[in-house]
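Engineer:
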Amino acid sequence: AYFITQKAIKAGDLALDPGVVAVLTGRGATLGEALCVSKVPGIISMTGSVATGQAIMRNAAANMTKVSLELGGKAPAIVMADCDIDKAVDAIVASRVIFSGQVCNCVERCYVQAPIFDEFAAKLTDKIKASVVGTPFDTPAPAFCGLVSKEQLDKVSGMVDRAKAEGAKVLCGGHAVEGPGYKYAPTVLTGAKQDSEVVQKEVFGPVLPVLPFDTFDEALTLANDCEYGLASSLFTNDYRLIERARTELLFGETYINRFHFEAIQGFHAGWRKSGVGGADGKHGLMEYLSTKVVYVQQ
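Numbers given in our numbering equal positions in the sequence shown, counted from 1, plus 11.
#1: On the three-pair Cβ rule with 8 Å, is the region 190–210 touching the region 49–66?
#2: Measuring CA to CA, which of V210, T63 and A86 is closest to A40?
#3: Bridge partners of S79, per DSSP?
#4: Measuring only the C-alpha atoms, how far is G192 from V304?
#5: Quick check: the Cα distance between R107 and V78, rounded to an integer number of angstroms?
#6: Measuring straight from C-alpha to C-alpha, what distance separates F131 and S243?
#7: Have a look at V210, V199, D249 and N116 and flag the residue whose alpha-carbon is nearest the alpha-carbon of D129.
#8: Of all the beta strand (DSSP E) runs that stay within the bounds of the region 200–232, which reach a length of 3 or more residues?
#9: At which residues does the alpha helix (DSSP H) containing Y139 begin and terminate?
#10: Using CA coordinates, which residue listed in D228, N70, K212 and Y250 is at the minimum distance from D260?
#11: If you compare alpha carbons, which of Q17, C47, M57 and L245 is closest to E298?
#12: For A125, count neighbouring Cβ atoms within 10 angstroms of its own Cβ and tell me buried if that reaches 16, exposed if not.
#13: Put G240 into one of helix, strand or coil per three-state DSSP.
#14: Could you work out which residue in I127, A256 and I103 is closest to D93 when comparing CA atoms only?
#15: Taking G286 as the reference, give the member of M68, D28 and L46 with the closest Cα.
#16: Output the distance between the C-alpha atoms of A86 and A290, rounded to the nearest integer angstrom.
#17: Between which two residues does the alpha helix (DSSP H) containing A66 stretch?
#18: Tell me, which residues are paired with E264 by DSSP?
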């Protein structure tokens, strides 16, 4: 709320008319619900959980208020045997470790083709072991930070503990970090099952399950096997696979051989339970406009 307020103050410096920008702070169950059922908003935009998005849709339905919701994600990364392994490792580690995985479109699960699985897992683990507490602005090493609350730390810890109980192996991490804040050590898991909680549900923490596959068709099936549809990525030098990924990966964003995080001119939008509408680019601008057609006959 503090940073939003500061942005509003800066917007006020642009000589906008009074009332163009207003900041109301409060809890979602009170202020948020009041805004959703009000007839005043022309659109309600929210980034948050699926449950919160569903509550907003129910409340907004009373007035048929338009909604733009960016919700949870479970972004898969598919790593083919022909890719540049080191570059894939760098991109996936950066995506998973930054902000301790508290980013909706960062890699949440990784599928690696069998011939390079062991090599990739070893390099990934070594890179993640080198993570340090901080920000990308402080150090060239992968940097992670605290989780947003003790409740989130308990959630992440619980998911890893349950994965271990089901047979997953911890290659690194797997524990909270001592000291101030709610930090969890960046973690790599192997041996998790496709239908397990840690593979299917959003962790929103620095935990990455890595699973093997044999064929690209199998990888597509595994990647699409979740209720979310926000972001995905593919690491390969085969343009035939890239073309297939464009249409066969069921996600609003697909990154090829690169780090997750969209360009401002792109459209950031989720499919399935990852949301309704979207943000950024010309399509994001259109979310805040109404289309009208006027017919004139002379």
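Just so it is clear, CB atoms sit at the ideal spot from N, CA and C, and this is done for glycine as well.
Structural biologist: Taking the geometry as given:
#1: no
#2: Position 29 of the sequence shown, counting from 1, holds the residue named residue 40. Out of V210, T63 and A86, T63 has the C-alpha closest to the C-alpha of A40.
#3: Position 68 of the sequence shown, counted from the first residue, corresponds to residue 79. S56, per the DSSP bridge assignment.
#4: Stepping through the sequence shown from its first residue, residue 192 is reached at position 181. Stepping through the sequence shown from its first residue, residue 304 is reached at position 293. The straight-line gap from Cα to Cα measures roughly 54 Å.
#5: Residue numbering aside, residue 107 sits at position 96 when the sequence shown is read from its first letter. Residue numbering aside, residue 78 sits at position 67 when the sequence shown is read from its first letter. Approximately 29 Å, taken between the alpha carbons.
#6: Mapped onto the sequence shown, residue 131 falls at position 120. Mapped onto the sequence shown, residue 243 falls at position 232. Taking the straight line from one Cα to the other gives about 19 Å.
#7: Counted from its first residue, the sequence shown places residue 129 at position 118. The shortest Cα separation from D129 among V210, V199, D249 and N116 belongs to V199.
#8: 218–224
#9: To locate residue 139, count along the sequence shown from 1; it is residue 128. Looking at the sequence provided, one finds Ile at residue 139 rather than Tyr. I139 -> alpha helix (DSSP H) spans F128 to K140.
#10: Within the sequence shown, residue 260 is the residue found at index 249, counting from 1. It is Leu, not Asp, that sits at residue 260 in the sequence shown. Among D228, N70, K212 and Y250, the Cα nearest to that of L260 is on D228.
#11: Sequence index remark: in the sequence shown, residue 298 carries index 287 (1-based). Comparing Cα-Cα distances from E298 to each of Q17, C47, M57 and L245, the minimum goes to M57.
#12: In the sequence shown, residue 125 corresponds to position 114, counting from 1. With fewer than 16 other Cβ atoms within 10 Å, it is exposed.
#13: The count along the sequence shown starts at 1 and reaches residue 240 at position 229. Strand, per DSSP.
#14: Start at 1 with the first residue of the sequence shown, and residue 93 comes out as number 82. When only C-alpha atoms are compared, the closest one is I127.
#15: Within the sequence shown, numbered from 1, the residue matching residue 286 stands at position 275. Looking at the Cα atoms, M68 is the closest of the given residues.
#16: What you label residue 86 is simply residue 75 of the sequence shown in a count that begins at 1. What you label residue 290 is simply residue 279 of the sequence shown in a count that begins at 1. If you take the alpha carbons of A86 and A290, they lie about 18 Å apart.
#17: Counting from 1 along the sequence shown, the entry for residue 66 is found at position 55. Per DSSP, A66 belongs to the alpha helix (DSSP H) from V61 to A71.
#18: Counted from its first residue, the sequence shown places residue 264 at position 253. According to DSSP, E264 bridges with A242.
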